[in-house]
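With the numbering used here as the guide, the letters of the sequence shown map in order to residues 1 to 234.
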Amino acid sequence: KLCEGILNILEKDTKTSCQVACLEALRILSRDKKVLVPVTTKRNMQILMKLAKLDTAEDPLERVSEFPVIVEALKCLCNIIFNSSVAQKLSLELNLAAMLCNLLQKCKDRQLVDDIKCFDLRLLFLLSLLHTDIRSQLRQELQGVQVLTQALESSLSVRWTEEYKAAEDRDRPPLSLQETDCAIEALKALFNVTLDSWNVHSENESHQFRYMAAILRHCLLTTGPTEEKTEELH
1 KLCEGILNIL
11 EKDTKTSCQV
21 ACLEALRILS
31 RDKKVLVPVT
41 TKRNMQILMK
51 LAKLDTAEDP
61 LERVSEFPVI
71 VEALKCLCNI
81 IFNSSVAQKL
91 SLELNLAAML
101 CNLLQKCKDR
111 QLVDDIKCFD
121 LRLLFLLSLL
131 HTDIRSQLRQ
141 ELQGVQVLTQ
151 ALESSLSVRW
161 TEEYKAAEDR
171 DRPPLSLQET
181 DCAIEALKAL
191 FNVTLDSWNV
201 HSENESHQFR
211 YMAAILRHCL
221 LTTGPTEEKT
231 EELH
């Protein structure tokens with residue numbers, strides 16, 4: 001009942017501070033699988049997707065004040081999808097992966113969106129891990145390899161000297177914690193999406209995998225903010 005009450009409040013047009021507080025409470029509650037059973041419905045998923053700016057393809061990320069709401073809504077969706085097989089099935093029905101790819105494109109070349117990007121990528125990782133149909137959809141319909149590779153390239157701030165050769169800068173500073181976390185989530189999602197890709201059929205796929213291999217090489221030469229984070233990245 002508490003979760004339902006929170007979702008009813010979130011469905012209304014409330015203040016940003018109230019939305020963040022409600023989402024933080026829901027995120028904590030959503031770690032309990034028993035609590036999730038009555039609230040994992042299509043309507044409730046759509047409420048969270050709307051707050052995460054996943055329901056509008058054209059709406060740009062312009063209001064920085066809304067960013068904490070988007071991040072918290074994505075965190076809630078991560079917990080719910082990880083803990084609920086019903087939510088995993090609803091994700092396919094609601095075309096969640098396509099919306100996440102669209103949000104990821106909106107984050108491109110934007111400032112202050114690292115947290116949004118990170119939890120978007122984490123949600124794509126969870127969906128591709130837990131639902132084989134979504135993994136196939138990402139690979140075949142949504143150009144997931146390209147989208148995720150570009151997200152990884154952006155997180156690592158790759159500069160190119162040739163088509164498949166990244167610039168090596170021995171003096172470049174370590175990645176920030178946010179950049180490292182984004183890169184790690186992109187790598188995890190890429191692993192899932194390319195898991196069955198041992199047989200490359202087209203010229204475009206060949207290009208994508210050579211491009212990804214160059215970025216992965218660059219990744220191995222990159223350091224994170226701490227020794228532990230560098231090890232996790234590699």
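From the three backbone atoms N, C-alpha and C, an ideal C-beta is built for every residue, glycine too.
Check: Would the beta-carbon of Gln-105 fall within 8 Å of that of Val-145?
Finding: Not closer than 8 Å, so no.
Check: Sorted by chain position, which residues of the same chain lie with C-beta nearer than 7 Å to Glu-168's C-beta, five sequence neighbours on each side aside?
Finding: Beyond the five residues adjoining it in sequence on each side, Glu-168 comes within less than 7 Å, by CB distance, of Leu-221 in the same chain, given in chain order.
Checklist line | Validate contact between the region 151-166 and the region 76-92 using beta carbons, cut 8 Å, 3 pairs | finding: A contact is defined here as three or more CB-CB pairs under 8 Å, and the region 151-166 fails this definition with respect to the region 76-92.
Margin query: I believe Thr-16 touches Glu-66 by the beta-carbon criterion, under 8 Å. Please report the beta-carbon distance rounded to the nearest angstrom.
Written below: About 7 Å; that satisfies the 8 Å criterion.
Item checked: Segment limits, alpha helix (DSSP H) that includes Thr-230 -> It spans 227-233 - the alpha helix (DSSP H) in which Thr-230 sits, taken as one unbroken run.
Next item on the list: Can you tell me which of the three DSSP states Glu-162 falls into?
Entry: Three-state DSSP puts Glu-162 in a strand.
Check: At what residue ranges does the region 96-138 contain a whole run of the alpha helix (DSSP H), taking only runs of 4 or more?
Finding: With a minimum length of 4 residues, the continuous alpha helix (DSSP H) runs that stay inside the region 96-138 are 96-106, 114-130.
Check: Is the region 169-184 touching the region 126-135, taking contact as three or more C-beta pairs under 8 Å?
Finding: These segments do not touch.
Item checked: For Leu-124 and Ala-73, believed in contact at Cβ under 8 Å, the rounded distance -> Going by Cβ atoms, the distance from Ala-73 to Leu-124 rounds to 15 Å, so no, they are not a contact pair.
Next item on the list: Whole angstroms is fine: what's the gap from Arg-172's alpha carbon to Phe-191's?
Entry: Between Arg-172 and Phe-191, the C-alpha separation is close to 27 Å.
Item checked: For Lys-108, the nearest candidate out of Lys-188, Thr-223, Ser-155 (CA to CA) -> When only C-alpha atoms are compared, the closest one is Ser-155.
Next item on the list: Can you grab the Cα-Cα spacing for the pair Lys-75 / Leu-103, in whole Å?
Entry: Their backbone Cα atoms lie some 15 Å apart in a straight line.
Margin query: Tell me the residue span of the alpha helix (DSSP H) that contains Arg-170.
Written below: For Arg-170, there is no enclosing alpha helix (DSSP H), as DSSP gives it neither H nor E.
Margin query: Quick check on Arg-135: buried or exposed, where buried means 16 or more other Cβ atoms within 10 Å of its Cβ?
Written below: With 16 or more other Cβ atoms within 10 Å, it is buried.
Note to self: Given this structure, state the Cα-to-Cα distance separating Ile-184 from Met-212, to the nearest angstrom.
What the structure shows: Separation of Ile-184 and Met-212 (C-alpha to C-alpha, rounded to the nearest whole angstrom) is 14 Å.
Notebook entry, point to check: Around the Cβ of Thr-132, are there at least 16 other Cβ atoms within 10 angstroms (buried) or fewer (exposed)?
Noted result: So Thr-132 counts as exposed.
Note to self: Measuring straight from C-alpha to C-alpha, what distance separates Lys-53 and Ile-70?
What the structure shows: Roughly 7 Å between the two C-alpha positions.
Check: Can you list, in chain order, the residues of its chain whose CB lies under 7 Å from that of His-218, leaving out five sequence neighbours each side?
Finding: If you ignore the 5 residues before and after His-218, its C-beta comes within less than 7 Å of the C-beta of Leu-156, Val-158, Ala-166, all in its own chain and listed in chain order.
Next item on the list: Grab me the residues of Thr-230's own chain with a C-beta within less than 6 Å of its C-beta, minus the 5 sequence neighbours each way, in chain order.
Entry: By the criterion of a C-beta distance shorter than 6 Å, Thr-230 is surrounded in its chain by Thr-223, Gly-224, once the five residues flanking it on both sides are discounted.
Note to self: Looking at the secondary structure, which residues open and close the alpha helix (DSSP H) in which Thr-56 lies?
What the structure shows: Neither: Thr-56 is in no alpha helix (DSSP H) and is coded neither H nor E.
Check: Between the C-alpha atoms of Lys-214 and Tyr-164, what's the straight-line distance to the nearest angstrom?
Finding: The question names Lys, but residue 214 is Ala in the sequence shown. Going from the Cα of Ala-214 to the Cα of Tyr-164 covers about 6 Å.
Margin query: Give me, in chain order, the residues of the same chain whose beta-carbon lies closer than 7 Å to that of Ile-241; leave out the 5 immediate sequence neighbours on both sides.
Written below: Because the chain is modelled from 1 through 234, residue 241 falls outside the range shown and cannot be assessed.
Note to self: Classify Ile-6: buried if its beta carbon has 16 or more other beta carbons within 10 angstroms, exposed otherwise.
What the structure shows: Counting Cβ neighbours within 10 Å, Ile-6 comes out buried, since at least 16 surround it.
Check: Excluding five sequence neighbours on each side, which residues of the same chain lie with their C-beta closer than 7 Å to the C-beta of Cys-3?
Finding: Counting only residues of its own chain and dropping the five nearest sequence neighbours on each side, Cys-3 has a CB closer than 7 Å to the CB of Leu-26, Leu-29, Val-35, Val-39.
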